[in-house]
Structure formats: C-alpha cells, structure tokens
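Below is one structure; the comments refer to it alone.
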Amino acid sequence: MEFKILGTTSLLTGDGSIHLGKAQQRGVLALLLHDVGRPVPIDLIIDELWRGETLRVSKGRLHPIVSRLRKVLTESGSGGQLLKEGAAYRLDLDPMLVDLHRFRNLVTKARQASTSDDHFLAKTLVQEALELWNGNPLADLSGTWSDHCRAQMEQFDRLPAYYVLFDSQLQLGEYSEVMSAVGRLVDEHDTEEMFARHYMRSLDGMGKYSKALEFYSEFCSRLEYAVGAEPGPEMRELYQAVLRKQAGTAIVSKIDSEPPQQLERDIPNFVGRKNLLVRLDALFAAGQGQVVALHGMPAAGKTSLATRWAHQRKSRFPDGQLFVNLSGHGPTAPMAPDDAIAILLASLGVSLDRLTVDERRVRLRRSLSGKKIVLILDNARDAAQVRPILAAAADCCCLVTSRIELKGLTIREGVRTVEVPPLTQGESAALLLSELDGRGRSGEDDGLAELVRLAQGVPLCLRIIAQLAIDRPYLTLLELADELRRQEGLGLLDSADSDDEYTTLSCAFSWSYRALPAEVALSFRRLGLHPGPEFDISAVGAVLGEHESVVVEHLRLLGKANLVRQISARRFRLHDLLFGYAVDLVRLEETSDQRELVLTRLLDWYLASTWNAAQRVTPERTRVPVLDGISWRGAVKFDTVGSALDWFAQEQTNLAAVVSHAARHGFHDHAWRLAANMNESYDRFGFYEDLRLSHEIALSSARELGHQEGECGTLNNLGVVLHWLGRYDEARQMLSAAAALADELGHRELSALSRQNLGSVHLKAGQTRIAIAIYEKVLDLLRGMGERIIEACALDQLANAHHRMELDEVALDYHEKALVIREEVGDVRGQGATLTELAKIYHEHGENNKAMSCSESALEAHTRSGDRSGMGEALLVMSEALYDLGSFEQSADAAEKATGLCRRAHSQARAWHVLGHVRAIADDLSAAAECWRQAADLLRGAPGQDDDLLLVHVQAHREARWSIPDPRIEGAATPREPDLSLRSRHDGVPSAE
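The following block contains the structure:
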C-alpha cells in the first residue's frame, strides 16, 4: 500500500488504486500526508484550498471532506487515523506508506551507503527513490503554501538525490549514463554548478576532453550573465585537470552527437587468440562492407573474440559500434531478422512506428550508408537468420558469431568463415593463472595442469574454476581438481542425451551453484522459470517474492560468482547455457506446486505491468478486463506515454516469450490477455511478427478456456496484424470470423470494431464499394452505443473511401463529422489524424490556406498526444501547401522534419519529392536528383508500389530534371506533368483502428 503525493494524490493497494474523490478532497489529504504525524492548522487548509471564501463557507466544505477521508482510511486498511487537535487536524499514519517520506528515507540510506563506499547500493537506493517521483508534487494544490513546498522539495529533496546518484555512478564508471541524464538536467538548471561538475566529470571519464572544455566555457558565460559570478574552486580545479589531459592527448572529437556504443564490455584478462586477431585484421583490411563469420563450440569464446577485436579497432569505426544478440541457440526462440533490423534502427534513433518489413530494411540501409560502423551479430542460428540483416547493413563491417559454420553465407555471399577452437593448453593455463591472481604460480604445476584439462579449453569454465579456487583457499589446486573430477558424472543435471559440451559446463556450473548460500541458490534456480535469460530487477522480485533490496543483494552475489551479468542499471542477463542450467535445476529441485506459485507471481507481474503500460499508451481505448485475483505487487507503473513505450521496447523479447511461456504452463487466461495488452504498442513499433505469433498462441489459449470474448478480440487483433503484414486473405478470414463470433455473442462493440478493420482490408485491396458498405454497417451497429471513438474512426474511413472515388465533398463532410466527435470526447490523437486528412484534400484542390490551417492544428494535436508519426504526416502536408504558396524555405524545413517522422514509405517518398522540387528551384540540381532518388528507392522497396503515380513522377523528374520550372518567375514553363507535381492523389488509407 502506498499513498502518493509526488504527483496527483492517490492511494495504491495490491488490488489497484482506491478512489479518493474530487480534487479538493485529494488536496486536503495531500496536506495531511505532507505533514503526516504533525498537526495541520485548519486555517492553512482553508487558505490553500478555498482562498477568498468566507471562513463559515469554507469550514462547511471541509467537515464533510474530513468525514469522507476518515472512511477512506478505515476501508483501505492502512491503519491511518485522522484526528482533530484543537484548531488543527493530524493524520496518524506510518510515514513509510507515503511516497515523499519513503523517498527521503531511501535517499538517507543511499547517502550512508555512499559514505561507506558501497556505491552500487547507493545507486540502487536512489534510483528506487527517484522512481517514486511521478510528476509535479502536491499536484492537487495550488496555493502559496504548496508553491513554497514544491520549491523546497525540488531544492532539498529531488536535486540532492540526483547528486548522490551521479556521484555513485561516476564512482562505478558509468560515465555514459551520467552524461545522458545530467545533460537533461543541465538544460533545466543551467546555472547549477553541481550538475555542471557532474557533466564535466562524465565527459572527462569518457575521454571527451574537448567537449568538456567547451561545456566549461559555455557554463562560465551563463553563470556570469545570470549571477555575475565565476565557478567555484572545485569546478575550476576540474577544468584544469581536463585541460592537462587534453594537452597530453591531442585528440579532438568531431562528432556532435554520440554515436552508438553498444559493444559488450571487453573481457578482463583476455589471453591468447593472437593468430585469430591478426587474421581478422587481414580479412577486414579491404574496408567497409566486409563480413566475417566466427563459428565454434558453445562458450568457446566467439563473442569475447569479436568484442576484443572491435574494442581494439574502435578508431576504425568513429560512427559507432552496434551489437545484437540474435538468440539463435538457447531456450528462447531465435530473433526474427526483421526484429533485429528494428532494434538496429532504434539504436540509430530511427522511429519504428508501423514501418513495414521492407520499409525497415530500406531505412536501415540508408541510415548506415557512408558510415564507418562495426556490427556484431551474436549467436546466429543459421544463414537464413543473418542474410536479411547483412543485406540491410551492406556498408558495415560485420562480425557474425554462431555455433555452426554458416556455409550458406560462404556459398552464396562469399562470406569468410573462421573457426574459433577451444583454447590451447598454454592459453588455458595463462588464463587460469591470470584469473587466480597469484595463486598456483609456484609448486602447484600438477594441480594447474589438471584444472586446465578439466576445463577443456572453455574460457567460461576456466573462470568459474578460478573463482572456486579463490573461494576455497584451504584446498590446493590439485585437491580442487581431484574433488571436481570425482563429481564428474555425479549430480550433473544434463539430460541423458546431452553432449559433451553441456556435460563439461554443467560440472563447473554445479560447483558454483553449490557454493552459493542456500537462499541465493534458490534465487538462481528460480530464474529458470523466467521466460528468457534477460530480466529487470522488478521481474526478479516477482520471481523471488522478495523486497528489492534482497533481490539486489542476491544478484550481486550471483554476479560475483560469474553466474549472472549486469548489462545496465536495472537489467541482468544469464548466459544462455547458464539459463538452460537453471531451467534444469528448477525442474529437478522444486516441486510442481512451488513452480506453479513462482510462475503465478511472475505472470501476474507481467500481466499487471503490461496493463499499466497499455493504459498509459492508449487511455481512451477499452481495456481487456483485469483478471480477477491477480497480484499487483511490484508491477511497473508509468508516468508518461514515452516511458510506457520504452518499457515495451525494452521487454520486447521477454513479452513475446512470456505469452508462449504462459500458454505452455497452462496459464491460458494470462496468455491471451498479455497478447491483447501488447497489441497497440507493438503495432506502433512494427513488431508484427512477434504480434502475429503471440496472437496465434493467444487465440489457442482463449479457445482452450472457452473464453469466447477473448477469442473474438484476439481474432480481431490477429486480423489487423495480418493486414499490416500484407497477408490480406488471411486478414479477411480472421476479421470475418471475429465479426461472426461478435454477432453470436451479441457484443456490438467488437462486432463494429472487427467490421471496421475488415473494411480497411477491403479498402487497401482496392475494393472501395465493399469497404463503404461495411463502414455504413459499422455506423448502424454503433448507433446508440456511445462508442464515439469507433464511430469517429468509421466516419474517417468512410471519408477516405469516398476520397478514393474522387467524391471529395462527401469525404469532407464525413471528416468534419468525425472531427466534431473527436473534439467532444477529447480524442486528441484522433483529432490530429482527421485534421491531417482534411488538410490533404484541401491541398489537392489548391485551397492551400485551408490546408495550412488544418495541418498546423493537426501538428499541434499530434505534438500534445506524442504521436511522432502523426506529426510527420501533418508536416508533410504542410510542406506541400507551403511549396504551392511559394514559401520554399519553410517548405523544405517541414519536409526535412517529415522524412524523419513519417513511418510509411509512401509518406516519406512524398517528403523527399517536395525537397527535390525545393532544391531544383534553388538551382541545386544534383541535390534535387538525390532527393528524387531517395523517393524512388522508398517506393520501389515498398510492396504494391510498382505502378504508383508518385513513383512514375519522381522517375520522370530524374530523367528530365533540367526542365524543372521556377514557380517564382511569372509565366514560367509548365512542368512536364503539372497534375502530379505536388497535388497527386494521395494513398489516403490510414491505419486500421
């Protein structure tokens, strides 16, 4: 249970949130919670909430509020009591149930940990504290007292917490994380010296001396202008230190924006492999576009070798280093090539909203063109998984690792393959001695040789064995080797058909596992019940059913034992083989009842977190009903649409796997609801294959349960996904089945929704009259239902259908009706979509002032809703209207922004088309030709665009670009195809909603 005043006043329990009444009632509670345990004068409450009213009237309003609050406190089970003390009220409640007081307690503990040099604990505690800050504190209050409190909390609570966090992160070497976070805070507090110093220290730690010195100069100027002072002695001393370092390096960064730096950390004590490193140098000597595939046995060190080479050759790749684990071999399904491409695009800062498969490939190739980047594709399953990625990243130097030799790449693409064998005995001995850090250097040659033999040249085994030796100083190396050898074949958890590689690793894993404290060993094996090897701290908390502080300590001990790896502030990863080992452990050492208990907690956590995220992304949509009885403990909460979408992207692999995980273990109710919660966000990202597979599993689960409403909704969602994948016949089948089942159930909302989506499929396929008939049927179904958003969508789709038939007066009327509804229900994102469609029609008819007005309003609406793709569509129409109005510079600016925001290939091509015209007018014909080439490439790469009028048009421009007229000259010659210049018919089919 938690009372929240760091944002809107609320009360959260394990079952959800408790309604606290209207704003004034929440404001009174916020006042009492802020001063919990202390008397709050009635005069203060009245002045804060009813300023300007008479005392008699305001007291008359306060008394019923106090009564209602007492009832809330009693029914919530919080143990809180609201007491009258003279001319004041006092709330008697455990302060740790209030987010502000828990925030302060966590920060105090973090300072203590930092003082004791436990910077990891300090960082973790502060991050937990800052996650409690969910917006503007005391948001339900707006008086003088609350304004003062907010200023005090900002100055003496939130900012000092960041000081502790950044100090700890800098001590831990997390320079990049600090630079990113402080950079945002420096913009808000541009004269705050503490943040400026943190920012300089992060740049210093990353070796960006020139950038640090440039920032110092800018900060000094701001400080002098604002307060007429100069930086303090610590800042000046840091400046001198950076200046000395820069003088000794003579390296100046020429990159304004940070290139991606995704390499895994270089393995410490890396030994041997000199011949392989030299060979890689030779193979990549030819320059960009080279591909080398490393293959060898599991855990032979392929990834370590690729990472070491890339680290050593960073200077060759100033534009960045990219790393993707393809999960080709392991307990989770291999990553689809197009999902890997989507991840690479996201790493390069490219918006993925609803890009088709082909559009993503074209966009990645264009994003990487001409850049010196190295790409590591780790753990590939086969050539088919890698081939599409290599085609889209043709300009990169690529290192591929796989357990198998990718002969298909050698035969068809000429890729050179290199085997990574186990370490030689000499290399193994060198690695083991290095890891032992002094032990076994004299008098223990026999023991060292025996341990080397047992490890069989696998680096991971050598490191685990070394840790065992360090943790058991009372054993000689030979005694340790004898003990390990005696246990070989005893207590191993491999199945009967395991091969030697698993047997050897399992021997080493079992000894690390048995050396753990009992409670940590329990944590390790229960991680085998997670759907994949990578997880967030909160997810581990759900697995273990423990408080986060216990989870963090267990993960720290597992990390120390080399059984888990931290990959970011709150995320950890098991090696695939270690994860498989944990899976075997939990099956053997836990009863079915124990496993079911853990799985229930974990799947509840995922279901509750996805529900919270989906609610934040699309609050206006009807949510799948919450499953009765699930636990909301520890579920992730989200302040913004962006944070919810970020979480969905981060958890992509796990969420795709957890649906299958739930269904496989009989949690069918969780399975279909999880897929439904993922639907909208995955649609925005373009993770269509993940969605298709998840919805197919969800459909089976809903049918297994006999949950017809779940089956109907899943059929609808699956049909929409198949539509976006271009599988129109299958989409029709699914949506028709959804409509029929909805009719059978008498569920008018689902009936209308599935039919509307069915109409979109027909419209996309060019069957306009069928689509119109379906949309009219949808409106009939909606009559009297009150489902205004679906009604507005249907009206917009009817408008697009009539626009297709060139009945634009009818189309405008439908759009106007849709807009009225969207304004009435407050559907901001929908308003932007409708206004954009109106702007398109007005522009096509040459009514450019009306087009500008609509597109400007659309841009404002999409900016408010955070719909980046919608912003791009609005900017695109704006750029076309501005061009026709003769505002060429403004047109170019809008078109350039649109190229980066639009997600549909056709829209991006239109933006490049406009830019080409503007460049031609400026007599930069080569730039114009390049813009039209970009447009043509996008259209040719998109399915079904071979006869697109715009494609024909830009190709004609490229062939006869010297005859483009200048609209600024009166009487200029008419373009070769005047009807197609900027006012060609638009595609006009929005997404299925």
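Throughout, the working numbering is defined as the position within the sequence shown, counted from one, plus 613.
We put the CB at the ideal spot given by N, CA and C, even for glycine.
DSSP, reduced to helix, strand and coil, places C1544 within a helical segment of the structure shown.
Between I1310 and S1256, the gap from beta carbon to beta carbon reaches 8 Å or more. Take the alpha-carbon of A636 and the one of R717: they are about 26 Å apart.
Only residues of its own chain outside the window of five on either side were considered, and among them T1030 have a CB closer than 6 Å to the CB of T1023, listed in chain order. Counting other Cβ atoms within 10 Å of its Cβ, G1359 stays below 16 and is therefore classed as exposed.
Taking 8 Å as the cut-off, the Cβ atoms of A825 and M813 count as close. The Cβ atoms of F936 and I989 sit closer than 8 Å to each other. Assignment of beta-bridge partners to K697 by DSSP yields Y702. Using a Cβ distance threshold of 8 Å, F1261 and Y1295 count as a contacting pair. Runs of beta strand (DSSP E) with 3 or more residues, each lying fully within the stretch 978–1048, are found at 987–993, 1010–1015, 1029–1032, listed in chain order.
The C-beta distance from I678 to L646 rounds to 14 Å, too long to fall under 8 Å, and the pair is not in contact. V904 sits in a strand when the DSSP states are folded into three classes. P1072 has its alpha-carbon roughly 30 Å from the corresponding atom of L1157.
In chain order, Y788, V791, M792 place their CB closer than 6 Å to the CB of S815, counting only its own chain and leaving out the 5 sequence neighbours on each side. By the Cβ test, the stretch 1275–1291 is not in contact with the stretch 917–936, since fewer than three Cβ pairs between them sit closer than 8 Å. By the Cβ neighbour-count rule, D780 is buried, with 16 or more other Cβ atoms within 10 Å of its own. Assignment of Q934 by DSSP, reduced to helix, strand and coil, places it in the strand class. The three-state secondary structure of Q1321, taken from DSSP, is helix.
Between I1385 and D1393, the alpha-carbon positions lie close to 13 Å from each other. Beta-bridge partners assigned by DSSP to F1185: F1148, Q1179. Judged by DSSP secondary structure, T1512 falls outside any beta strand (DSSP E) and instead within the alpha helix (DSSP H) spanning 1501–1514. E871 carries a coil assignment under DSSP once its states are collapsed to helix, strand and coil. Secondary structure of V1071 (DSSP, three-state): coil.
Secondary structure at F616: strand, using DSSP grouped into helix, strand and coil. Within the DSSP secondary-structure output, P654 pairs in a beta bridge with A701. When secondary structure is reduced to three states using DSSP, S755 falls in the coil class, being assigned neither helix nor strand.
Separation of R1246 and D971 (C-alpha to C-alpha, rounded to the nearest whole angstrom) is 41 Å. Remark: C-beta atoms of P750 and E698 do not approach each other more closely than 8 Å. One thing to note: D1149 has its Cβ no nearer than 8 Å to the Cβ of R1186. Under the three-pair Cβ rule at 8 Å, the stretch 1474–1482 does not count as touching the stretch 1505–1512. Sequence-distant partners of I1383 (beyond 5 residues in either direction) whose C-beta falls short of 6 Å from its own C-beta, in its chain, are H1375. When the alpha-carbon of R1066 is set against those of E1057, S1041, L1046, D1050, the nearest one is in S1041.
Counting only runs of 3+ residues, the beta strand (DSSP E) found wholly inside the stretch 1130–1174 occupies 1147–1149, in chain order. Excluding sequence positions up to five before and after G983, its CB lies within less than 8 Å of the CB of D1008, all in the same chain and listed in chain order.
In the structure shown, S691 falls within a coil segment according to DSSP collapsed to helix, strand and coil.
As DSSP reads the structure, G820 sits in no beta bridge.
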